[in-house]
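Residue numbers (UniProt numbering): 1 to 326.
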């Protein structure tokens, strides 16, 4: 039997606050673009910018390490997020990620040496990894199924201020954790069905249905899904994702899709595009302007992708169907 899916004001507010987690992730990743395009960043940290200078090798090493160490921190943050979120809940991970981001963002903003900046990048990367792994999970567990798809100045302020914005997004995410609900699925896994039902009622309440039929049906579906998951885990063992062919194939497809998207060089181009444009002969403000345009268009395309992916499907947007030979 089909039940009406509703999207209440509480649901909208919850998803809005959780979206600060996505902004926090994206901004923490992208801030390096404008940072590397600011001459005062190099002078503040005692780095040379003249490629013919004998000390530029050190500058180049710091730039490369700043990116690499960020993703190293993000890797370990995402790796730990799964187990921690299952044990502590999604909201606790949001709070942990926010606090780590505030600390890392503060150190990154006030960095006065390359070593201090690199330590900050590691910390902010770790916080980003925590949020990056848990935000999509929380949204998928809370949103109704049909909605799931959906600066340069002459002082060091020019690079320090954008880095400080990391703290803003982290603080907003932290504030949101006192408003948004815990994942109903996680509550059910902890045998807190009453709390899960109350969350579902608040998320999907329909004034025309005082019995909250959809919330009860959703709770039943969650219970059944968790029961099925536990049964399969007991029957197949915890390594069934590798041992069983059907799961192994899905794992390979997921990994290859992720690896394939990253192997296009999108992150390298994104993180170093200010330096790339400068190497083509553009001056500082022109390089920063093009970088801003690049990321603005990326933001628009990201929004469009979220909208049309529900309409046309994920696969069609990833690849072009092959035509049979004539």
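Glycine residues also receive a C-beta, built at the ideal position from the N, C-alpha and C atoms. Since the structure is predicted, the reported quantities are computational estimates derived from the model, not experimental observations.
Secondary structure of residue 280, DSSP reduced to three states: coil
Please list, in chain order, all residues of the same chain as residue 188 whose beta carbon is under 8 Å from its beta carbon, the five residues on each side excluded. 196, 219, 222, 223, 226
Excluding sequence positions up to five away, which residues of its chain have a Cβ less than 7 Å from the Cβ of residue 294? 273
Within 8 Å, do at least three Cβ pairs link the stretch 68-83 to the stretch 277-287? no
Provide the residue span of the alpha helix (DSSP H) that contains residue 238, from first to last. Taken as a continuous stretch (DSSP letters only), residue 238 belongs to no alpha helix (DSSP H), as it is neither H nor E.
Output needed for residue 45: all residues of its chain with C-beta closer than 8 Å, excluding positions within five of it in sequence on either side, in chain order. 62, 111, 112, 113, 114, 117
Kindly indicate which residue of 275, 168, 315, 318 has the alpha-carbon position closest to the one of residue 37. 275
Alpha helix (DSSP H) segment containing residue 249, residue limits: 245-262
For residue 130 and residue 97, the rounded distance between their alpha carbons: 6 Å
What's the gap between the Cα of residue 119 and the Cα of residue 228? 44 Å
Tell me which residues share the same chain as residue 56 and place their Cβ nearer than 7 Å to its Cβ, disregarding the 5 neighbours each side in the sequence. 48, 50
Which class does residue 180 belong to by DSSP, given the choice of helix, strand or coil? coil
Just to check my reading of the structure: residue 34 and residue 162 have Cβ atoms closer than 8 Å, yes? What is that Cβ distance to the nearest angstrom? 5 Å
Residue 397 and residue 101 closer than 7 Å at C-beta: Nothing about residue 397 can be reported from this structure: the residues present for the chain run from 1 to 326 only.
Mapping DSSP to helix, strand and coil, what is residue 48? coil
List in chain order: all unbroken alpha helix (DSSP H) runs of 4+ residues lying wholly within the stretch 16-86. 39-44
Going along the chain, which residues of its own chain have a beta-carbon closer than 6 Å to the beta-carbon of residue 70, five neighbours each way excluded? 121, 125
Please report the straight-line C-alpha distance between residue 309 and residue 203, rounded to a whole angstrom. 24 Å
Report yes if the C-beta distance between residue 21 and residue 135 is below 7 Å; otherwise report no. yes
Span of the alpha helix (DSSP H) holding residue 95? 90-109
What residues in its chain sit with their C-beta under 6 Å from that of residue 88, if we drop five residues either side in the sequence? none
Report the residue from 78, 304, 107, 108 whose alpha carbon sits nearest the alpha carbon of residue 94. 78
Leaving out the 5 sequence neighbours to the left and right, which residues in its chain are closer than 8 Å to residue 243 when beta-carbon positions are compared? 236, 237
Burial state of residue 330 (16 or more Cβ within 10 Å): Past the edges of the chain, shown from 1 to 326, lies residue 330, and the structure says nothing about it.
Are the Cβ atoms of residue 177 and residue 91 separated by less than 7 Å? yes
Could you pull the start and end residues of the alpha helix (DSSP H) that residue 141 belongs to? 114-142
Leaving out five residues on either side along the sequence, give the residues of the same chain with a beta carbon under 6 Å from the beta carbon of residue 172. 20
With H, G and I counted as helix, E and B as strand and the rest as coil, what does DSSP make of residue 190? coil
Consult DSSP for residue 211 and reduce its assignment to one of helix, strand or coil. coil
Could you check the C-alpha separation between residue 179 and residue 267 for me, to the nearest Å? 33 Å
Report the option in 289, 164, 311 whose CA atom is closest to the CA atom of residue 105. 164
Compare the Cα-Cα distances from residue 166 to each of 208, 292, 261, 23 and report the closest residue. 23
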